[in-house]
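J.: I have a structure here, written as structure tokens, and I will follow up with some questions on it.
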Amino acid sequence: MSYTTVYDVIVCGGGTSGVAAAISAARTGSKTLLVERTGVLGGQMSLSGPPGFAYARLFNPQGKRDIGGIVEETYQRLYRSGHALPHLRYPIREKAGYGFSYVDPDWWVDLIFTMMEEEGVQLLLDSLVVGVTKEENKVTGIVVENANGRNEIAGRVVIDCTGEGYVAIQAGCEITVCQGTKCSPILWHLPWTGWTGNGFYSTSAPIRSSFPLSS
Ligand SMILES: Cc1cc2nc3c(=O)[nH]c(=O)nc-3n(C[C@H](O)[C@H](O)[C@H](O)COP(=O)(O)OP(=O)(O)OC[C@H]3O[C@@H](n4cnc5c(N)ncnc54)[C@H](O)[C@@H]3O)c2cc1C
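Residue 342 is where the sequence shown starts when you use the numbering used here, and the numbers rise one by one after that.
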């Protein structure tokens, strides 16, 4: 099949990880599409987070920075405009083992839509990714359903930020849902070509027996 548009990068899922992936991709000059099933960006941050949401774990128990990049960039923009609280540094959170940096989720959403425009990320909202297109073993795009029906979108790189490994599962990746003390129950292990790490951080991670669990 020939497509009128082939994206360099398609990001599936517009939660905190998806928007960061899309911004990063767009900054490399990649033609980037972000697909989100709801009408708003942010995922847990905007849809089911508490009234005040905190970026957790920006600093480690020694008070040294663990996470920076786009997280810190958005935090700083919100802080400068009065929509974030100062970083909570140790020793106040010493016992918990990590710190918090509170941001206002509503202003965060406003900022993220602004950043999407600034970076030239194309958005496809209210659209559910229901599958992928493949040539042999290679993912060549996604299948989405929305008010326009079911359509294919071509992309050279497809990034799964659905929080549940949904797209990877559709692509037929082998998946292990870790449980109990082996590892965090909200980490997925996705051993595909060139990938050996714990690849997906999921917020809800229901254990579904229909998933292709590896032994
Ligand atoms: C109740 C609760 C409170 C939390 N509090 C904090 C906190 O205070 N601080 C903190 O740092 N972390 C907190 N976390 C953890 C934090 O929410 C997650 O680490 C973070 O949301 C992970 O981001 P994500 O983008 O990977 O996934 P999500 O935020 O889950 O985003 C996934 C996105 O993908 C979309 N999506 C899913 N499937 C599809 C599909 N098939 N097609 C299109 N789009 C799709 C979803 O609509 C969603 O927008 C909390 C989690 C929960 C559940």
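All C-beta atoms in this analysis are idealised placements derived from N, C-alpha and C, irrespective of residue type, glycine included.
1. Taking the alpha helix (DSSP H) that aspartate 501 belongs to, which residues open and close that run?
2. Any heavy atom of ligand 1 closer than 7 angstroms to the Cβ of alanine 509?
3. Taking one C-beta from the segment 433-440 and one from the segment 400-414 each time, how about it: are there three or more such pairs within less than 8 angstroms?
4. Terminal residues of the continuous alpha helix (DSSP H) containing serine 442?
5. Do isoleucine 516 and glycine 506 count as a contact pair if the criterion is CB distance below 8 angstroms?
6. List the whole-angstrom C-beta distance separating leucine 375 from glycine 496, where the pair is believed to meet the contact cut-off of C-beta under 8 angstroms.
7. What did DSSP end up calling arginine 418 once you bin it into helix, strand or coil?
8. Is any non-hydrogen atom of ligand 1 found closer than 7 angstroms to the C-beta of serine 422, if you look at the structure I gave you?
9. How about phenylalanine 454: is its Cβ closer than 7 angstroms to a heavy atom in ligand 1?
10. Is the segment 468-483 close to the segment 426-433, with three or more CB pairs under 8 angstroms?
11. Assuming glycine 482 and isoleucine 494 are in contact, meaning their beta carbons sit under 8 angstroms apart, how far apart are those beta carbons, in whole angstroms?
12. Assign proline 427 to one of two classes, buried (16 or more other C-beta atoms within 10 Å of its C-beta) or exposed (fewer than that).
13. Expressed to the nearest angstrom, what Euclidean distance is found between the alpha-carbon atoms of tyrosine 344 and asparagine 492?
14. Looking only at its own chain, which residues have a Cβ that is under 6 angstroms from the Cβ of glycine 383, when we skip the five neighbours before and after it?
15. In whole angstroms, what separates the C-alpha of arginine 510 from that of glutamate 413?
16. Using only the alpha-carbon positions, how far apart do isoleucine 453 and aspartate 349 sit?
17. State yes or no: is the C-beta of phenylalanine 400 nearer than 7 angstroms to some heavy atom of ligand 1?
T.: With the given structure in hand:
1. As a first step, residue 501 must be located in the sequence shown, where it is residue number 160. First-last for aspartate 501: 490-501, but that is the beta strand (DSSP E), not the alpha helix (DSSP H).
2. If you number the sequence shown from 1, residue 509 lands on position 168. It does not: the Cβ of alanine 509 is nowhere closer than 7 angstroms to a heavy atom of ligand 1.
3. Proximity of the segment 433-440 to the segment 400-414 meets the contact definition, three or more beta-carbon pairs being nearer than 8 angstroms.
4. For the purposes of this step, residue 442 is taken as the residue at position 101 of the sequence shown. Per DSSP, serine 442 belongs to no alpha helix (DSSP H); it is in the beta strand (DSSP E), 441-444.
5. Counting from one through the sequence shown, the residue named residue 506 turns up at place 165. Counting from one through the sequence shown, the residue named residue 516 turns up at place 175. Taking 8 angstroms as the Cβ cut-off, glycine 506 and isoleucine 516 qualify as a contacting pair.
6. For this step, residue 375 is matched to residue 34 along the sequence shown. For this step, residue 496 is matched to residue 155 along the sequence shown. Leucine 375 to glycine 496, Cβ: 11 angstroms. No contact.
7. One-based indexing of the sequence shown puts residue 418 at position 77. DSSP places arginine 418 in helix when its eight states are reduced to three.
8. Along the sequence shown, read from residue 1 onward, the residue named residue 422 stands at position 81. No, the beta carbon of serine 422 sits no closer than 7 angstroms to any heavy atom of ligand 1.
9. Taking the sequence shown and counting its residues from 1, one reaches residue 454 at position 113. No, the beta carbon of phenylalanine 454 sits no closer than 7 angstroms to any heavy atom of ligand 1.
10. no
11. Taking the sequence shown and counting its residues from 1, one reaches residue 482 at position 141. Taking the sequence shown and counting its residues from 1, one reaches residue 494 at position 153. Rounded, the Cβ-Cβ distance is 5 angstroms, consistent with contact.
12. Within the sequence shown, numbered from 1, the residue matching residue 427 stands at position 86. That one is exposed.
13. Taking the first residue of the sequence shown as position 1, residue 344 is located at position 3. Taking the first residue of the sequence shown as position 1, residue 492 is located at position 151. Between tyrosine 344 and asparagine 492, the C-alpha separation is close to 11 angstroms.
14. Position 42 of the sequence shown, counting from 1, holds the residue named residue 383. Around glycine 383: Val450.
15. Along the sequence shown, read from residue 1 onward, the residue named residue 510 stands at position 169. Along the sequence shown, read from residue 1 onward, the residue named residue 413 stands at position 72. Sequence check: residue 510 is isoleucine here, not arginine. Cα to Cα, isoleucine 510 sits roughly 31 angstroms from glutamate 413.
16. Working through the sequence shown from its first residue, we reach residue 453 at position 112. Working through the sequence shown from its first residue, we reach residue 349 at position 8. So the alpha carbons of these two residues sit roughly 21 angstroms apart.
17. Here residue 400 refers to the residue found at position 59 of the sequence shown. Result no, Cβ not under 7 angstroms from ligand 1.
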